[in-house]
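Per the numbering used here, residue 12 is the first one in the sequence shown, and the count goes up by one each step. Where is the CB? At the ideal position from N, CA and C, for every residue including glycine. Here's the structure, in structure tokens; my notes come after.
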Amino acid sequence: MEAYNWQKKDWPHFTYSIDAIENELYLFAEKAGKVTGIMNALPENAQWETVIDTMVDEAIKTSEIEGEYISRKDVRSSIKNNLGLNASLEKVQSKKAQGIGELMTDVRNTYQEKLTQEKIFAWHTMLMKGDKEIKTGEWRNHKEPMQIISGPLGKQKVHYEAPPSDNVPKEMRRFITWFNETGPGGKNEIKKAPIRSAIAHLYFESIHPFEDGNGRIGRAIAEKVISQGIGRPVLISLSRTIEANKKAYYDALEKAQRSNEITEWINYFVKTIVTAQTETEMQIDFTLRKAKLFDRVKDQISDRQLKVIKRMMEKGPDSFQGGMTARKYVSLTKISKATATRDMQDLLEKGVFTLVEGSGGRSTRYEVNL
């Protein structure tokens with residue numbers, strides 16, 4: 012079987028060509044500037060709403076990639092608590108939501124700082140909050156191989172085997188040195204942030220230094236790189252883009268971990284970053300439209316109607332697939348079907364709702380009119 016990247020003589024001296032992604036690198040710089048300009052033009056409350064929505068998306072999706080599903084409400088409360096946006100702290104039921112909120116906020120607040128072992132351990136401790144089976148804030152030290160596997164017992168496929176636990180401290184010291192030396196102003200600076208982000212993520216995932224949480228911390232490191240490169244906390248949800256096509260992500264990662272010539276991986280990851288930036292632009296536009304809608308109708312609708320509208324839009328531009336029906340409205344508000352129908356008709360007349368094309372009669376469905 013072909014050796015893994017860390018078993019090869021040229022590890023970890025990655026080589027690559029950027030010829031195929033020159034356009035994407037130009038687009039990245041253009042979009043980063045555009046997002047900064049749009050954000051600066053927004054009212055402060057809309058700026059914070061956009062920041063929170065993006066961070067919540069990243070927290071939810073980075074967890075979903077690993078098969079963990081956490082409460083959006085708890086994550087939102089945790090992030091707002093940690094950003095200092097709540098006059099009094101909101102209660103967070105889930106320890107995992109509390110921990111991922113702390114991690115997302117710390118990555119944002121400390122993006123300019125050099126990377127250290129202590130910082131990575133602190134992130135791991137935050138991330139594993141509430142998980143009593145995992146040793147937090149220390150490298151893995153078990154003797155058995157650290158393998159990425161899939162498939163049923165007896166027919167499992169090994170996709171990757173990381174360096175032995177005994178090698179991890181040395182490998183991570185070298186990774187942290189590489190990370191800081193390739194940063195802005197470093198002696199081996201990689202000026203294109205998307206390139207450095209792609210390498211940093213692959214490098215960290217290849218070492219796989221923890222028992223659990225490697226993917227989530229590796230994506231946080233990728234985000235830190237982009238923030239350092241543009242000189243401000245990046246407004247992006249890489250994980251939302253990755254999660255939309257997890258197979259492509261895992262296939263690209265598995266292939267990249269067989270060689271230290273990583274052009275194909277660089278191409279994949281840079282394109283993912285640019286796609287994530289485009290989705291951020293859509294998120295900002297959605298937040299602005301949402302704010303304008305609430306401002307227009309705040310004195311015209313009931314608290315019950317407001318609750319339903321917020322629920323329909325809480326996951327972003329593509330949330331609440333299929334539209335709102337009388338049955339869903341009743342389920343959300345615990346009122347009678349007749350009252351639900353009157354509420355929705357009222358929202359339609361006020362221009363808050365619009366009819367879903369092709370629906371009618373008993374199957375009438377509504378969308379929020381943005």
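{"Check": "Under the rule that 16 or more other beta-carbon atoms within 10 Å means buried, what is ARG338, buried or exposed?", "Outcome": "exposed"}
{"Check": "Which parts of the stretch 80-161 are runs of the beta strand (DSSP E), unbroken and 3 residues or longer, counting only runs that do not cross its ends?", "Outcome": "158-161"}
{"Check": "If we count the other Cβ atoms within 10 Å of its Cβ and call it buried at 16 or more, is ALA14 buried or exposed?", "Outcome": "exposed"}
{"Check": "Give me the DSSP bridge partner(s) of LYS166.", "Outcome": "Answer by DSSP bridge pairing: none, since LYS166 is not bridged."}
{"Check": "Let me check understanding here. Comparing Cα to Cα, which of ILE273, TYR171 and SER250 lies closest to ASP21?", "Outcome": "ILE273"}
{"Check": "Going by Cα to Cα distance, which pick from TYR37, ALA43 and MET50 is closest to SER238?", "Outcome": "ALA43"}
{"Check": "With a threshold of 16 other CB atoms inside 10 Å of the CB of ILE160, please say whether the residue is buried or exposed.", "Outcome": "exposed"}
{"Check": "Does the beta-carbon of LYS91 have 16 or more other beta-carbons within 10 angstroms, so that it is buried, or is it exposed?", "Outcome": "buried"}
{"Check": "Quick one: complete alpha helix (DSSP H) runs, 4+ long, within the stretch 16-55?", "Outcome": "33-52"}
{"Check": "Below 8 Å between beta carbons: does that hold for ILE63 and SER74?", "Outcome": "no"}
{"Check": "Taking the C-alpha atoms as reference points, what is the distance between LEU138 and ASP68?", "Outcome": "16 Å"}
{"Check": "Considering only residues of the stretch 279-326, which uninterrupted alpha helix (DSSP H) runs meet the minimum length of 4 residues and lie entirely inside it, listed in chain order?", "Outcome": "314-324"}
{"Check": "Evaluate ALA169 with the Cβ neighbour count: other Cβ atoms within 10 Å of its Cβ, from every protein chain shown; 16 or more gives buried, anything less gives exposed.", "Outcome": "According to the sequence displayed, residue 169 carries Val and not Ala. The residue in question, VAL169, is exposed, as its Cβ has fewer than 16 Cβ neighbours within 10 Å."}
{"Check": "Does the count of Cβ pairs from the stretch 49-62 and the stretch 293-306 closer than 8 Å reach three?", "Outcome": "yes"}
{"Check": "If we count Cβ pairs, one from each stretch, closer than 8 Å, do we get three or more for the stretch 214-226 versus the stretch 171-180?", "Outcome": "yes"}
{"Check": "Under 8 Å between the Cβ atoms of ASP354 and TYR377?", "Outcome": "no"}
{"Check": "Please tell me whether HIS212 and ARG185 are closer than 8 Å, where the distance is taken between their beta carbons.", "Outcome": "no"}
{"Check": "Just curious, the beta strand (DSSP E) that THR365 is in, first and last residue?", "Outcome": "364-366"}
{"Check": "By Cβ distance, which residues of its chain are closer than 8 Å to LYS361, with the 5 residues on each side in sequence left out?", "Outcome": "VAL308, GLN311 and ILE312"}
{"Check": "For PHE39 and GLU79, what's the separation of their Cα atoms in angstroms?", "Outcome": "30 Å"}
{"Check": "Compute the Euclidean distance between the alpha carbons of ARG322 and LYS84, then round it to the nearest angstrom.", "Outcome": "11 Å"}
{"Check": "Give the straight-line distance between the Cα atoms of LYS282 and ASN271, rounded to the nearest whole angstrom.", "Outcome": "20 Å"}
{"Check": "Would DSSP call VAL382 helix, strand or coil?", "Outcome": "There is simply no residue 382 to check, as the chain begins at 12 and stops at 381 in what is shown."}
{"Check": "Less than 8 Å between the beta carbons of ILE295 and PRO205, yes or no?", "Outcome": "no"}
{"Check": "Pop quiz: ARG251 and LYS72 are said to be a contact at Cβ under 8 Å. What is the actual Cβ separation, rounded to whole angstroms?", "Outcome": "5 Å"}
{"Check": "Which residue spans inside the stretch 178-222 form an unbroken alpha helix (DSSP H) run of at least 4?", "Outcome": "179-192 and 204-218"}
{"Check": "Strictly by DSSP, which residues pair up with MET335?", "Outcome": "TYR377"}
{"Check": "According to DSSP, is GLU13 helix, strand or coil?", "Outcome": "coil"}
{"Check": "Quick check: the Cα distance between ALA259 and SER88, rounded to an integer number of angstroms?", "Outcome": "32 Å"}
{"Check": "Give every residue of the same chain whose Cβ lies closer than 6 Å to the Cβ of GLU113, excluding the five residues on either side of it in the sequence, and list them in chain order.", "Outcome": "ASN93 and MET137"}
{"Check": "Could you have a look at GLU77 and say whether DSSP puts it in helix, strand or coil?", "Outcome": "coil"}
{"Check": "Just how far apart, CA to CA, sit ALA233 and ALA209?", "Outcome": "7 Å"}
{"Check": "Are the beta-carbon atoms of ILE111 and GLU254 separated by less than 8 Å?", "Outcome": "no"}
{"Check": "Please identify the residue among TRP189, PRO23, PHE132 and GLN167 whose C-alpha is closest to the C-alpha of ASP223.", "Outcome": "PHE132"}
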